[in-house]
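Taken in order, the sequence shown gives residues 7 to 321; the numbers are from the working numbering.
The beta-carbon is built from N, C-alpha and C at its ideal position, and this holds for glycine as well.
These numbers were taken from a predicted model, which means no experiment stands behind them.
Report on one structure; see the data block that follows.
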Amino acid sequence: MEVYHLSYPNHLYNNKKNEPYALAIGFFDGVHAGHQAVIQEALNKGKEQNMKTAVMTFDPHPSLVLGGRKEQIFYITPLEQKIEILKELQVDAVFVVRFTSDFAKLTPSQFIESFIKQANVKHVTAGFDFTFGAFGKGTMEDMEQLSKGEYTVSVVGKQVLSGEKISSTRIREELKAGNMEKVKELLGRPFMLSGVVIHGDKRGRTIDFPTANIQPAEGQYTPATGVYAVKIRVQEKWYDGVCNVGFKPTFNNPDEKKLSIEVHIIHFDQSIYGEEVIVHWYNRIRSEQKFDGIEALKAQIAKDKLVAIDYFKQA
7 MEVYHLSYPN HLYNNKKNEP YALAIGFFDG VHAGHQAVIQ EALNKGKEQN
57 MKTAVMTFDP HPSLVLGGRK EQIFYITPLE QKIEILKELQ VDAVFVVRFT
107 SDFAKLTPSQ FIESFIKQAN VKHVTAGFDF TFGAFGKGTM EDMEQLSKGE
157 YTVSVVGKQV LSGEKISSTR IREELKAGNM EKVKELLGRP FMLSGVVIHG
207 DKRGRTIDFP TANIQPAEGQ YTPATGVYAV KIRVQEKWYD GVCNVGFKPT
257 FNNPDEKKLS IEVHIIHFDQ SIYGEEVIVH WYNRIRSEQK FDGIEALKAQ
307 IAKDKLVAID YFKQA
């Protein structure tokens, strides 16, 4: 899969091979089940018309430019993760368009000339609510009307689950509530968090439950505090685990708020500091709580471990 990083006006795609593309276009944060329907439509069109399939996405989040937000945006799928998921979906190319102030000023027709026609796109697929161009004035009806017969258009209707639209906003709400099984349904796969194992306070070793302290990739959304049944990939191998997200109230001063993500890896005893890992989240076992002492905490962690083992046995 080829990845092209584009910016306006200096770095536009030069299709030297003049290959035609069936293009799926959208921000695609989460690459959830609704997004996958759009991408699958592009894949189908590409196959029907003997074209390669491409996905066009944008970076950073438009609200950072349009809304003037100064706080950090947290993504369901940061860009690198998004690209890996698109690779698994077997698209041929990804166009990552840099979302800047200049780009945001493009009219719908200018956007089409620079980013659709110059790329030799012969079919465009997007969701029913996709908009483009300055102030989001361009709709999918405009996309078709401005084609002048140079490409065709298909629009994917609203995708629903349990009677509600599948959306990135809905997924964030479920993540905030810790509803990982619902998140899995909406995404079509478990929620994934990538990060690096760093040194922590090493208290887990003192209570016979050593943990991998994970520093997540910058800008990645973190689920609600609590204890979860997870799987973790270490050195290309998957292990069952119990993950605690929280502020360790049994040990820490309640006034010192520092979020930690720690995974006790079941049937694992290796030093993995500095390793890049991936965590798949499956089920929230309980909320975070403060215990009266170390023994009470150890007893609860042992119970949590058994719950996770039983969960994966039945999965």
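- DSSP places Lys-171 within a strand segment (E or B) once states are collapsed to three.
- If you draw a 10 Å sphere on the C-beta of Phe-109, you find 16 or more other C-beta atoms in it, and that means buried.
- In the three-state DSSP reduction, Tyr-19 falls in the coil class, being neither helix nor strand.
- Per DSSP, Tyr-279 lies in no beta strand (DSSP E) and is assigned neither H nor E.
- When rounded, the separation of the alpha-carbon atoms in Lys-93 and Thr-63 is 14 Å.
- By the CB criterion at 7 Å, Asp-246 and Ile-272 fall inside the cutoff.
- About 44 Å separates the beta carbon of Asn-289 from that of Glu-150, a gap too long to meet the 8 Å contact definition.
- The shortest CA-to-CA distance from Gly-299 to any of Val-162, Ser-293 and Ile-307 is the one to Ile-307.
- Judged by DSSP secondary structure, Asp-65 falls within the beta strand (DSSP E) whose first and last residues are 58-65.
- The residues Val-283 and Ile-284, in chain order, have a CB closer than 7 Å to that of Arg-239 in the same chain once the five nearest residues on each side in sequence are set aside.
- Annotation: the continuous beta strand (DSSP E) that includes Tyr-245 extends over 243-252.
- Pairing Val-130 with Ala-43 gives a Cβ-Cβ distance that is not under 7 Å.
- Across the set Asp-135, His-17 and Ser-115, the C-alpha of Asp-135 shows the shortest separation from the C-alpha of Ile-31.
- Under a 10 Å Cβ-count criterion, Pro-114 is classified as buried, with 16 or more other Cβ atoms of the shown protein chains found around its own Cβ.
- Counted as a single uninterrupted DSSP element, the stretch harbouring Ile-118 is not any alpha helix (DSSP H), since DSSP gives it neither H nor E.
- For Val-97, the secondary structure class from DSSP, reduced to helix, strand or coil, is coil.
- Per DSSP, the continuous beta strand (DSSP E) segment holding Lys-237 begins and ends at 232-240.
- Taking all protein chains in view, the Cβ of Gln-241 is surrounded by fewer than 16 other Cβ atoms within 10 Å, so the residue is classified as exposed.
- For Glu-54, the enclosing alpha helix (DSSP H) covers residues 39-54.
- Excluding its 5 nearest sequence neighbours in each direction, Tyr-10 has C-beta neighbours in its own chain below 6 Å: Tyr-19 and Phe-101, listed in chain order.
- Distance from the CA atom of Asn-16 to the CA atom of Ala-230, rounded to whole angstroms, is 41 Å.
- Per DSSP, the unbroken alpha helix (DSSP H) holding Ala-110 starts and ends at 107-110.
- In the structure shown, Ile-271 adopts extended strand secondary structure according to DSSP, grouped into three states.
- In its chain, beyond the 5 residues on either side, Lys-143, Gly-144 and Thr-145 have a beta carbon closer than 8 Å to the beta carbon of Thr-137.
- A Cβ-Cβ separation of about 20 Å leaves Gly-52 out of contact with Gln-165 under the 8 Å criterion.
- With respect to the 7 Å criterion, Tyr-227 and Leu-181 are classified as neighbours on the basis of their beta carbons.
- For Ala-28, same chain residues with a beta-carbon under 6 Å away, outside a window of 5 residues either side, are Ala-48, Lys-51, Gly-52, Met-57, Thr-59 and His-129 in chain order.
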